[in-house]
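Q:
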Amino acid sequence: MVKALVLYHSQEFGNTGKMAEAVADGLRSAGCEVTLHNTDKGRFDASTFPGYACVAFGSPDYYSYVAGGLKTFMDDHYILHTRKGVKGMKEKPYALFYSHGGGGKVREAMLGLFKYVGTLVGEPLGCPGEPTKDVLVKCRELGAALAKKAK
Ligand SMILES: Cc1cc2nc3c(=O)[nH]c(=O)nc-3n(C[C@H](O)[C@H](O)[C@H](O)COP(=O)(O)O)c2cc1C
1 MVKALVLYHS QEFGNTGKMA EAVADGLRSA GCEVTLHNTD KGRFDASTFP
51 GYACVAFGSP DYYSYVAGGL KTFMDDHYIL HTRKGVKGMK EKPYALFYSH
101 GGGGKVREAM LGLFKYVGTL VGEPLGCPGE PTKDVLVKCR ELGAALAKKA
151 K
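Going by the working numbering, 60 is the number at position 60 of the sequence shown; the sequence numbering is gapless.
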């Protein structure tokens, strides 16, 4: 089974977490085995990252930037894999989603930070406040589209 990772941060209202669950549903519906990890609950072990065929990153907008736990992951990933030239580490399909309070400038920050992982699938999916049913449908579609790009 293709292994997929949904790595996100959700802390205040659970908004990003709801989006993450829906992205995971979409990945599962397309046949992936999904690991969900909320960096608010602890640091993600970046050494396991090469084992995933694709990844979805989800962040709340924090001061127009990515939540600290996800930035920490990218720092760890760079030191462990990118710096050492580990094979395949710049080729992973990835998707982006984010939650915000009305600003949403984190979109640009996410595009700038996560580009080191591989190839973006679809467009970053943003949502103000609590995700509506329509947004959750789009999250599922994004997960399914990501799964199609995973080898
Ligand atoms: C420390 C902090 C900084 C924030 N900065 C912004 C911001 O710059 N722009 C914005 O639109 N929302 C901002 N927000 C609002 C959150 O992005 C928004 O409430 C989000 O839905 C929270 O996601 P969560 O419920 O998954 O934790 C901020 C929230 C916090 C706690």
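Where is the CB? At the ideal position from N, CA and C, for every residue including glycine. Since we're looking at a predicted model, the values are computed, not measured.
I need the DSSP call for A67, collapsed to helix, strand or coil.
A: Three-state result, A67: coil.
Q: Out of G102, V66, G118, A53, which has the shortest C-alpha to C-alpha gap to T82?
A: Nearest option by C-alpha distance: G118.
Q: Classify M110: buried if its beta carbon has 16 or more other beta carbons within 10 angstroms, exposed otherwise.
A: Result: buried.
Q: Which term fits M89, buried or exposed, when burial requires 16 or more other beta carbons within 10 angstroms of its beta carbon?
A: Flag for M89 reads buried.
Q: Quick one: Cα of Y62 to Cα of E130, how far?
A: Their Cα atoms are separated by approximately 16 angstroms.
Q: State buried or exposed for T48, treating a residue as buried only when at least 16 other CB atoms are found within 10 Å of its CB.
A: Its Cβ having fewer than 16 others within 10 Å, T48 is exposed.
Q: Applying the criterion that 16 or more other CB atoms from any shown protein chain within 10 Å of the CB defines a buried residue, is T16 buried or exposed?
A: Buried is the call here.
Q: Is T82 a contact residue of ligand 1, with contact defined as CB to any heavy atom under 7 angstroms?
A: For ligand 1, not one heavy atom lies less than 7 angstroms from the Cβ of T82.
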